[in-house]
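Engineer: This structure is in structure tokens; I'll ask about it shortly.
There are 2 protein chains.
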Amino acid sequence: MSAGLIGLDWGSTHLRAYLYGADGHALESRALPHGIRQLPAGGFPEAFSSAVRDWPALPVLACGMVGSRNGWQEVPYLDTPTGVERLAQHLTRIAAPDGHALYLVPGLHDTHRPDVMRGEETQIAGVLAREPATTRLLLPGTHSKWVRLRDGIVTDFATVMTGELYGLLRQHSILGAALPEARDDADAFRRGVAAARGSGPAGALSLLFSARALMLDGVLDPAAVPDYLSGLLIGEELRMALAAGWADADDAIPMVGEGPLCDRYRRAADTFGLRLARAPDGTTADGLWRIAAAAGLVPAPATITS
Amino acid sequence: MSAGLIGLDWGSTHLRAYLYGADGHALESRALPHGIRQLPAGGFPEAFSSAVRDWPALPVLACGMVGSRNGWQEVPYLDTPTGVERLAQHLTRIAAPDGHALYLVPGLHDTHRPDVMRGEETQIAGVLAREPATTRLLLPGTHSKWVRLRDGIVTDFATVMTGELYGLLRQHSILGAALPEARDDADAFRRGVAAARGSGPAGALSLLFSARALMLDGVLDPAAVPDYLSGLLIGEELRMALAAGWADADDAIPMVGEGPLCDRYRRAADTFGLRLARAPDGTTADGLWRIAAAAGLVPAPATITS
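Sequence lines, in order, name chains A and R. Each step along the first sequence adds one to the number in full-length UniProt numbering, with nothing skipped, and position 150 is 150. Each step along the second sequence adds one to the number in full-length UniProt numbering, with nothing skipped, and position 156 is 156.
Have a look at this one:
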């Protein structure tokens, strides 16, 4: 057993590498542009070598789309309910350059809807490393994930394509076409959130066109349309989460994501009387270490306390 | 007062021209590719001249995006409630080539949501010309419209961007990317409709990602993903319409649109226990004549009986 680890957070558009010390804290990290859709000429092996160059010959644990059908090697999803221990028992080991042992973390599959995640299971493990009693979790983003847990086990989850829908409407739809450069407009965002909240069981999908009508009315400045749409879509996600029981007003739900995006969700949640609180940074790095520890690749306490 | 009329159905991507006889039936029609986004070098006047070439110097009535901000001349929307008589009182006359008198039909603005339509008000007038007692109406399409009427007056309406969302997801999203050529799959369509119906108050927006999960599961053939998405989105539109009171299971709702699309809506409606029945073709041509009659541009009975 070695005294350290290399972790790779390897998604569609990014590759981040972490060199851990024996205590589970990242000593060094690197960001490379070699997501699995943007590989260098030498493909996965070359991207891998760039990521770990000059680092010791430690075991390497990787999560994310690198284990998908279009990745280095497909690692089957594990059905829910699944926790960290079960993830650790199903790592796939593949041959990697420079004598490294490379292990891939499987994604999760929820048979209820059905739904899938790949990469987020490791972020969840990172949250659990600090807060083992977590029962709800939100990971906002291109494909937002709402997660329910029991005793550290993911029981079910739902993906909402809020970020991708926003991008589609902004770049390709009649609502976003020919707009001037967007400017931040907190009032327009709030108006969109409120419209989604007021849509009731009908939902806010039928309100998208109001972005155009409000602009034609002169109520919404064209430069504020993107923030109105952002509010409408994030509001619709929260409306759905409350209607489907992914969230309720009694609990504060931890949130893992980029700061400005989490801030938008937090502001929208205020309108719904819902409490979302951003979890500490570094969940993917923490989760890789946590899973490596459960797999016996490194010695580590089960909970990160710092 | 002349004994006939020329009607123009002038949208973003199409221009259709009708030459009517004195009895309100189209003697001849033409389809030109000169929607307002695809004008010839000579702009609106040249497109107009092409559309009416060799026809008598009759008054011309035009509806659709030709009266929008990006059209030949902007014609302000009329607020609901508005019926045919009020539309006819607010035609805008503009100078047109070749000695023609050209009148533009205003669109409608619903202050409730807010919402707008331009072109559909004339289709509605066409439906009313045959069925004056119509109280509900669905115009499915890129921007579907659900309409409520009282005594032939449009009281309110809602736009659902179902067709545009389908196109965005199909062409630009992760769900539609890299799919093989689509094939018709009635089972996949039905599965999508059923999923939307089963989504309850949460709505089907949170189920979009299931298209990907079902494909990864091998349940959905990649070539059937478009029909699943079509079912999911049309089903969501119907779920919304029922939740918001635009439709209920007691009435048969007439539907104005293209045959294959109306057939999809009819099949989806069966799953919801909702009755949608396609109205006769030619509603725009009928509506232009009906509005022209109300404006005194032509003599005509209020109801088309054939």
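Just so it is clear, CB atoms sit at the ideal spot from N, CA and C, and this is done for glycine as well.
1) CA-CA distance, residue 106/R and residue 73/R?
2) With 16 other CB atoms within 10 Å as the buried threshold, where does residue 111/R fall?
3) Whole angstroms is fine: what's the gap from residue 231/A's alpha carbon to residue 211/A's?
4) Can you list, in chain order, the residues of the region 52 to 74 of chain A whose Cβ is nearer than 7 Å to any Cβ on chain R?
5) When the cut-off is 8 Å and only beta carbons count, does residue 161/A lie next to chain R?
6) Taking C-alpha atoms, which residue in 81/A, 140/A, 176/A, 49/A lies nearest to residue 269/A?
7) Report the rounded CA-to-CA distance for residue 50/A versus residue 199/A, giving the unit in angstroms.
8) What residues match up with residue 262/A in a beta bridge as DSSP calls it?
9) Going along chain A, which residues have a C-beta under 7 Å from residue 240/R?
10) Could you name the residues of the same chain whose beta carbon sits closer than 6 Å to that of residue 163/A, not counting the 5 residues immediately before and after it, in chain order?
11) Buried or exposed: residue 288/A, going by 16 or more other Cβ atoms within 10 Å of its Cβ?
12) Quick one: is residue 276/A near chain R, going by C-beta distance under 8 Å?
13) Across the region 231 to 245 of chain R and the region 266 to 281 of chain A, are there enough close Cβ pairs to call them in contact, namely three or more that are closer than 8 Å?
14) Going along the region 106 to 131 of chain A in order, which residues come within less than 7 Å of chain R, judged by CB to CB distance?
15) Quick check on DSSP: helix, strand or coil for residue 138/A?
16) Does residue 123/A pass the burial test, meaning 16 or more other C-beta atoms within 10 Å, or should it be called exposed?
17) Return the residue from the list 120/A, 90/A, 242/A that minimises the CA-CA distance to residue 295/A.
18) Do the CB positions of residue 153/R and residue 82/R come within less than 8 Å of each other?
19) Looking only at its own chain, which residues have a Cβ that is under 7 Å from the Cβ of residue 258/A, when we skip the five neighbours before and after it?
20) At a Cβ cut of 7 Å, what residues of the region 215 to 249 of chain A count as close to chain R, listed as they run along the chain?
21) So which residues on chain A does residue 209/R lean against when the C-beta distance must stay under 7 Å?
22) Going by DSSP in three states, residue 12/A sits in which element: helix, strand or coil?
23) Would you list the residues sitting across from residue 158/A in a DSSP beta bridge?
24) Out of 264/R, 145/R, 262/R, 76/R, state which residue places its alpha-carbon closest to the alpha-carbon of residue 104/R.
25) According to DSSP, residue 312/A sits in a beta bridge with which residue or residues?
26) Measure how close the beta-carbons of residue 159/R and residue 149/R come, nearest whole angstrom, since I'm counting them as under 8 Å.
27) Between residue 213/R and chain A, is there a C-beta pair that is closer than 8 Å?
28) Can you find a CB in chain R that lies within less than 8 Å of the CB of residue 168/A?
29) Bridge partners for residue 103/R per DSSP, in chain order?
30) Note down, in chain order, all residues in the region 170 to 189 of chain R with a beta-carbon under 7 Å from any beta-carbon belonging to chain A.
31) I'd like to know whether the C-beta atoms of residue 20/R and residue 11/R end up nearer to each other than 8 Å.
32) Tell me, which residues are paired with residue 78/R by DSSP?
33) Could I get the ranges of all uninterrupted alpha helix (DSSP H) runs contained in the region 217 to 292 of chain R, with 4 residues as the minimum, in chain order?
34) Could you work out which residues of chain R lie near residue 28/A, taking near to mean beta carbons separated by less than 9 Å?
35) Leaving aside the five residues before and after residue 275/R along the sequence, list all residues of the same chain whose C-beta is less than 6 Å from its C-beta, in chain order.
36) Let me confirm a value: residue 192/R is counted as buried when at least 16 other C-beta atoms fall within 10 Å, else exposed. Which label applies?
Structural biologist: With the structure as the only source:
1) Cα-Cα distance, rounded: 11 Å.
2) It counts as exposed.
3) Looking at the backbone, the Cα of residue 231/A and that of residue 211/A are separated by about 11 Å.
4) Identification of residues in the region 52 to 74 of chain A having a C-beta nearer than 7 Å to some C-beta of chain R yields an empty set.
5) Yes, residue 161/A counts as interfacial toward chain R.
6) Of the candidates 81/A, 140/A, 176/A, 49/A, the one whose C-alpha sits nearest the C-alpha of residue 269/A is 140/A.
7) Looking at the two C-alpha atoms, the distance is approximately 50 Å.
8) DSSP output for residue 262/A lists no bridge partner at all.
9) For residue 240/R, the residues of chain A that pass the 7 Å Cβ criterion are 202, 203, 205, 206, in the order they occur in the chain.
10) Non-local beta-carbon contacts of residue 163/A in its own chain, meaning distances under 6 Å to residues more than five positions away in sequence, involve 141, 142 in chain order.
11) Flag for residue 288/A reads buried.
12) No, no contact with chain R.
13) They do not touch, by the three-pair rule.
14) Cβ contacts with chain R come from 113, 114, 115, 116.
15) Strand, per DSSP.
16) Buried: at least 16 other Cβ atoms inside 10 Å.
17) Per the Cα distances, 90/A.
18) Yes. Within cutoff.
19) If we look at residue 258/A and ignore the five residues flanking it on each side, it has no Cβ neighbours.
20) Answer set for the region 215 to 249 of chain A: 216, 217, 236, 240, 243, 244.
21) Taking a Cβ-Cβ threshold of 7 Å, the residues of chain A close to residue 209/R are 115, 143, 159, 161, in chain order.
22) Reduced to three states, the DSSP call for residue 12/A is coil.
23) Partner(s): 146/A.
24) Nearest of 264/R, 145/R, 262/R, 76/R to residue 104/R, Cα basis: 76/R.
25) Any property of residue 312/A remains undetermined from this structure, which presents chain A solely from 1 to 306.
26) So it is not a contact: roughly 16 Å between Cβ atoms.
27) Chain A contact via Cβ: present.
28) Answer yes: the Cβ-Cβ gap between residue 168/A and chain R drops below 8 Å somewhere.
29) Per DSSP, 61/R, 93/R.
30) For chain A, the residues of the region 170 to 189 of chain R that bring a beta carbon within less than 7 Å of one of its beta carbons are 172, 173, 174, in chain order.
31) No, the pair does not count as a contact, with Cβ atoms beyond the cut-off.
32) 108/R, per the DSSP bridge assignment.
33) As far as the region 217 to 292 of chain R is concerned, its whole alpha helix (DSSP H) runs of at least 4 residues are 225 to 243, 259 to 272.
34) Per Cβ cutoff of 9 Å: no residues; residue 28/A is ~32 Å from chain R at best.
35) Result list for residue 275/R: 252, in chain order.
36) With 16 or more Cβ atoms within 10 Å of its Cβ, residue 192/R is classed as buried.
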